[in-house]
Structures are given as structure tokens and as C-alpha cells.
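A.B. asks: Read top to bottom, the protein sequences are chains A and B. For what it's worth, our numbering labels the leading residue of the first sequence as 1, then goes sequentially. For what it's worth, our numbering labels the leading residue of the second sequence as 1001, then goes sequentially.
There are 2 protein chains.
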Amino acid sequence: MKNESPPKPTPTELSILGILWERGPSTVREVHEIISKTKPIGYTGVLKFLQIMTVKGSVRRNSDQRAHVYEAFQQEDKTKRQLVGDLMQRAFSGSASELVMHALAGKRTSQEEIDEIRRILDAHERKST
Amino acid sequence: MKNESPPKPTPTELSILGILWERGPSTVREVHEIISKTKPIGYTGVLKFLQIMTVKGSVRRNSDQRAHVYEAFQQEDKTKRQLVGDLMQRAFSGSASELVMHALAGKRTSQEEIDEIRRILDAHERKST
DNA sequence: GCAGTACTACGAACCCGTTCGTAATGGCAA
DNA sequence: TTGCCATTACGAACGGGTTCGTAGTACTGC
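#1: Could you give the distance in angstroms between the alpha-carbon of Asp-1130 (chain B) and the alpha-carbon of Pro-1007 (chain B)?
#2: Would you kindly work out how many angstroms separate the C-alpha atoms of Leu-1050 (chain B) and Ile-1041 (chain B), rounded to a whole number?
#3: Relative to the C-alpha of Gln-1111 (chain B), which candidate in A:Met-101, A:Ser-95, A:Ser-110 and A:Ala-105 has its C-alpha closest?
#4: According to DSSP, is Ala-1067 (chain B) helix, strand or coil?
#5: Please confirm if Asn-1003 (chain B) has its CB atom under 8 Å from at least one CB of chain A.
#6: Can you grab the Cα-Cα spacing for the pair Leu-1099 (chain B) / Glu-1033 (chain B), in whole Å?
#7: Does the segment 64 to 79 of chain A come close enough to the segment 1065 to 1076 of chain B that 3 or more CB-CB pairs lie under 8 Å?
#8: Examine chain A for any beta-carbon lying closer than 8 Å to the beta-carbon of Thr-1012 (chain B), and answer yes or no.
#9: Give the secondary structure of Arg-108 (chain A) by DSSP, where H, G and I count as helix, E and B as strand, and everything else as coil.
#10: In chain B, what lies closer than 8 Å to Gly-106 (chain A) by C-beta?
#11: Can you look up Ser-58 (chain A) in the DSSP assignment and give me helix, strand or coil?
#12: Give the straight-line distance between the Cα atoms of Gln-1089 (chain B) and Arg-1081 (chain B), rounded to the nearest whole angstrom.
#13: Among residues of its own chain, excluding the 5 on either side of Thr-27 (chain A), which ones have a beta-carbon nearer than 6 Å to its beta-carbon?
#14: Can you pull out the residues from the segment 1054 to 1074 of chain B whose beta carbon lies closer than 8 Å to at least one beta carbon of chain A?
#15: Residues of the segment 35 to 46 of chain A with a CB closer than 7 Å to any CB of chain B: list them in chain order, please.
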């Protein structure tokens, strides 16, 4: 047993985690204000998810204040790695190049993005050599 | 309305589609033999999925033979593109470079894979200029 | 023609993600 | 202190993905 394997977040959980990763610790109200712009969900809905995620251990609650403050406890990197790895395995038999190919085919990508990816490749190459 | 938007396959459906994409038209028995090596599922379970997918339109059935032959009807490229695009949007705010970074971080990648990705980048660059 | 076998069809049930409605709690103002 | 408002807590319900058990159907050998 070597890694604590963060449970795979459901779609809605991921949306919420994303907000917490980006904004840092936030109250239910803050999360709700942001997420409701893109997803139809009520205040208590967000709260419910935060509670579930608290039980699962993917977020932590600080109840010092009246309005409880939640923060992401699940590691951003590890979670994202797992999500991509899972899809890569299930849809592309583990082939990274196939994954990249379809990722680029799906949307227009700026020159900066492409250059950035090249840098990532260089760095990865140097590391693993 | 321009694209027929292939419905997003569920995890198990994707496993089956993958087999059909790779092997071509197959019978229930053949699919079951392959998938049961990695996933605990019975014969009728596979059949059930094939039936559901037939209704959804992602596979087609040929009942000329006694053992019906199923073939993938859903486009491989389009489906994969959608899956990656969806994850990229939900987990990485649409950033292709972040996606690639975490994909590579998740597993060891051979030199050939990396070179292949570079080729893909080159091709994509040329096309979009 | 009859029994046995292999395959397909159908329906029920279960689990989990998701959502909502309502009750309980605690602080603030008058 | 009392009443109002914001916030949290809890439970129920709905839907979809997944699985399994059983019934129906067609072919094969005797």
C-alpha cells in the first residue's frame, strides 16, 4: 500500500473541487454563487455536496466562523492525474499519444498552448532519461 | 444543428465499444470472452449492454446468423474526441497543456510515445497556421 | 418427431449520484 | 427577551447505470 488513492470525484464534486482549488477556502455561499452561474443547483444542493465530500474526506470544514469555511483537502495534482490516467486507460488503452491527438483534434489550440506542451515534453524527457 | 453528437458512452459501454473498434464485428460470445478477462460480468450482462447500445444507436446488429453479430456504429474518432474534450473542460478549464502535463505525470512514457506526440504537435501546427 | 443445447429477449432489482423540501440552530436587532 | 434572518442538518425521492434470473426461440443429433 503506497498511495492513499483519492476517491474519484463525481462530475459535480469535481466542479466544486475546482472552485476550491482556484479560490482557496470558501463558504457555501461563495461556492454556490460561482457554480450556479454555469450549473443549475440550489444552495442546499451545494451544501449537501460539501457535506458528502466532508465525509469522504475530499474537503475539510472549519466551523470557527458562523458561516463554515470549506477547503479542498484532496490533492489537486493527484486527482487530476488519476482522472486523466483513468480515461487514458479506458479509452486509449493507455496510449498517451492517442490521447493528445484526440485532445488537439477536439478544439482549436493556440500557438502558446502548443509551445507550452513542447516544454512539458522536454522537461519530462530530461527527467526520465 | 450540424453534428449528430454521439451520446457519451458509460464506462462499461466504452469497454465494449473498444473491443468492437479493435476486433470489428463480433458476437456476444466473443465480446464476453474478452471483456470478462478484465471485468466481472456475465454473458447476459454483455448481451444486455449490446441491446441497450443497439437502441441508443451506438452499435448495429446483424441477425443473419444464428449468433447475432454486433458492430460498432458510433464513430471512434468522434467519441474519443468528445470524451477527452469533456474531461479537459471539466477538470482543466479547457487547457490542453495542463491535460498533457498530468497525463505524462501519471505514467511512465516511452521515448517513442514522446516523439510521436511531437509529430502530432507538428502536424497540428501546420494545419492550423 | 423429440430431447437437449445454445443463444436471445425481457423484466426486476440494486446501488449511487443528484436534487429538493423541510426542520433545527445560532446570531442580531429592536 | 423576542422575533427575524442566515446558515446548517437531515431525510426522502428520482433517475440512470449496472447486474442477474428467468423465459422464449431456434438449431442439432438421435
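C-beta atoms are modelled at their ideal positions from N, C-alpha and C, and glycine is treated no differently.
C.D. replies: By the coordinates alone:
#1: As shown, chain B starts at 1001 and ends at 1129. That puts residue 1130 (chain B) outside it, with no answer to give.
#2: The alpha-carbon atoms of Leu-1050 (chain B) and Ile-1041 (chain B) are separated by roughly 13 Å.
#3: Taking only the C-alpha atoms, the option nearest Gln-1111 (chain B) is A:Ser-95.
#4: When secondary structure is reduced to three states using DSSP, Ala-1067 (chain B) falls in the coil class, being assigned neither helix nor strand.
#5: Low confidence applies to Asn-1003 (chain B): its pLDDT is 43, below 50, so where it sits in the model is not reliable, and the reading given next is rough at best. Under the Cβ distance rule, Asn-1003 (chain B) does not count among the residues neighbouring chain A, no pair being separated by less than 8 Å.
#6: Inter-residue distance for Leu-1099 (chain B) and Glu-1033 (chain B) is about 34 Å (C-alpha atoms, whole angstroms).
#7: Not touching, per the Cβ criterion.
#8: By this cut-off, Thr-1012 (chain B) is not an interface position.
#9: In the three-state reduction of the DSSP assignment, Arg-108 (chain A) falls in the coil class.
#10: Listed by position along chain B, the residues whose Cβ is nearer than 8 Å to that of Gly-106 (chain A) are Arg-1081, Gln-1082, Val-1084, Gly-1085 and Met-1088.
#11: DSSP places Ser-58 (chain A) in coil when its eight states are reduced to three.
#12: Pairing Gln-1089 (chain B) with Arg-1081 (chain B), the inter-Cα distance amounts to about 12 Å.
#13: Cβ within range, chain order: Ala-67 and Val-69.
#14: Listed by position, the residues of the segment 1054 to 1074 of chain B near chain A (Cβ gap below 8 Å) amount to none.
#15: Identification of residues in the segment 35 to 46 of chain A having a C-beta nearer than 7 Å to some C-beta of chain B yields an empty set.
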